[in-house]
Amino acid sequence: MYQIQSQELRTLTTAHLAQTMSLLALNIEELGEKIHSLLAKNPALELEESRRCPQCLRPLRGNGPCPVCSHPTGSNDEPVVFISHRWDIPERAFTGGSISPDEAPGLDEYVSEERSLALYILQQIAPALAPAERPLAAHILTSLDEDGLLSIPPLEVARYHHVLPSRVESVLHRIQRCDPPGVGASTPREALLIQLEILGESREVPPLARRAIEEHLEHLGRYQVHELSLALGISEAEGAALVRFIRENLNPYPARAHWGDWHHGAPAAAPVYRRPDALIRLASPNNPDSPLVVEILSPLRGQLRLNPLFRRALAEMEDARRPAWQKDLERARLLIKSLGQRNQALAQLLRYLARKQRRFILQGDLYLTPLTRAQVAAFLGVHESTVSRAVAGKTVQLPNRRIIPLERFFDRSLPVRAALRSIVAQEEKPLSDSQLANRLKTLGYPIARRTVAKYRQMEGILPARLRHGIASHI
DNA sequence: CTATGGCACGGATT
DNA sequence: AATCCGTGCCATAG
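Take a look at the structure:
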């Protein structure tokens, strides 16, 4: 099967191949933009809005039954692959515009790890929001970074929606009091202060905590008890107690389960949420032994085809414009064919990944088998750069509804980090990095002590001496 | 002396 | 050719 497809690839003309490759490099959103601009430019192209499957709302081709709904056949080894469109999700839900649960009933299915924070908070404050405040809240929530901090100035929100800054502040204030306390703060410092304030309403807090955060945040971050005590004019014991209180009760990055390494290395740039390029799900959701179904999503609401009117007109045409029209027609043909090839190539890749990484897909990070793009390329009989293009910038939604970048399938350290997390989560006493390294070695992950430190940091796990039986999850 | 982070090198990967 | 990643060495903090 693969052989046939790759042979097809080889027989393509160079123009065709070039276009296929450039389309392959695009993710679903970029592809959508590209196609729409071509649709506007080229009259030979047409978007046909076909009828929908009454059950799953996908458009149907021809007169046959819906290929997605009618029970797909496949085995554990041979996942089923579809190239399909989805019409049931409002485009706007993905573009960071206003989202509200009742507006997009299926949205929760499409929420990425990061964006689920937004919905979680929205659910808490939705009842308290005036209708006019909803867009403000949506704007703020969709601008949170992965740490739960607000990545844009509140003033910008006010300007955008033409409302008074105080209106935005009022919404923001309510958001900051939602569950991960302090979300929506602009800086770690502000987040800490908000948490302190909230905490102060229900229990006693050290009187100097506020000043310590406001004026000596660096010392807190570096755990410099000595310097802090000196600066505040208190004893080292008092200083240590203060630091412990703050570190145990407050969190500069509200959405992180643990204090990461917050004195150096700014948190990574906020991930941009997109609808996934593909879905991987179980043929029967409740049966983990059923075959996997891979669905390549198309950005189009309908079926791209040659404009029949255009073809008829061209056939009857005699004047000087004919060559130009002919050219348009050729271009349109080429695009449609290339688009098909692009989707085929993606499907091929995903089918392979689904088969090879079935355990990872169903059972999580720990079971990712090491894989390089080069290996995949060799197996599929395509060039390495083809695989690179296909993987770059794309995302897939797994059966657990998480949307992950395709690159993650090639992350060699992922299972090790998962193992590390689970060791730390279960440890009785904090283990040092070298102890962790030994543990990992016995589990079949021979990595250097130095590397443990790196992974720890990536996972946001504190060094041993700062961990005190704080249960780790996530 | 032990634990951990910074820097930089070299090999693999893209 | 450029980039990423694991690792070794060294400095520093405790």
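Be aware that the first sequence starts at 790, since it is given in this note's numbering, and climbs by one per residue. Using N, Cα and C, we set each Cβ at its ideal position, and we do this for glycine too.
Span separating the alpha-carbon of residue i from that of residue j
i	j	result
S1127	L1098	22 Å
Q1130	E986	58 Å
S975	P1252	26 Å
L812	R1162	19 Å
Y1042	R1120	51 Å
L1151	A1181	23 Å
I1035	I1125	60 Å
L1006	F871	53 Å
R1147	E1196	16 Å
E990	L1225	40 Å
A1242	T803	49 Å
A1059	I1192	Reliability fails at A1059, whose pLDDT of 32 lies under 50, so the model's placement of it is uncertain and no value is given.
L1255	S1087	48 Å
R1144	R992	54 Å
P1077	L1118	47 Å
R963	E979	15 Å
I1236	A1029	34 Å
Local Cβ density within 10 Å of residue i, reported as buried at 16 or more and exposed below that
i	result
L939	buried
Y1244	buried
R1198	Before going further, note that residue 1198 is Phe rather than Arg in the sequence given. By the neighbour-count rule (16 or more Cβ atoms within 10 Å), F1198 is buried.
A814	buried
F1149	buried
T1175	buried
K1230	exposed
K1218	exposed
G1022	exposed
R1210	buried
T1184	buried
L953	exposed
A1215	The sequence given here has Gln at residue 1215, not Ala. It is exposed - the Cβ of Q1215 has fewer than 16 other Cβ atoms within 10 Å.
P977	buried
A921	exposed
M790	Here the model assigns M790 a pLDDT of 39, short of 50, so the residue's position is not dependable and the matter cannot be decided.
S826	exposed
P1074	exposed
Distance CB(residue i)-CB(residue j) smaller than 8 Å
i	j	result
N1040	Q984	yes
G1153	A1207	yes
V1069	P1188	One point to set straight first is that residue 1069 is Ile, not Val, in the sequence displayed. Against a cut-off of 8 Å, the Cβ pair of P1188 and I1069 comes out as a contact.
S1018	E1027	yes
R1122	L1093	no
L828	L836	yes
A1020	H1008	yes
L1157	L1203	yes
H950	H928	yes
N816	D1066	yes
R1090	E838	yes
L933	A907	yes
L925	R956	yes
Other residues of its chain near residue i: CB distance less than 7 Å, five sequence neighbours each side excluded
i	result
A1166	H1172, E1173, T1175, V1176
Y1234	V1205, A1208
A1179	L813, A1134, L1135, L1138
Cβ-based neighbour list, residue i, same chain, cut-off 6 Å, excluding 5 preceding and 5 following
i	result
P970	Q984, I987
V972	G937, P1043
Sequence-distant residues of its chain with Cβ nearer than 8 Å to residue i (five each side left out)
i	result
L1220	I1212, V1213, R1228, A1253
Check your understanding: How about the segment 802-817 and the segment 1098-1107: do they share at least three Cβ pairs that are nearer than 8 Å?
Key -> Too few Cβ pairs lie closer than 8 Å, so no.
Practice item. May I ask you to verify whether the segment 1083-1090 touches the segment 1138-1145, counting CB pairs closer than 8 Å and requiring at least 3? Key: Look at the beta carbons and you see the segment 1083-1090 touching the segment 1138-1145: at least three pairs across the two are nearer than 8 Å.
Practice item. Count the C-beta pairs between the segment 831-839 and the segment 1111-1124 that are closer than 8 Å, then say yes if the count reaches three, no if not. Key: Output reads yes: the segment 1111-1124 touches the segment 831-839.
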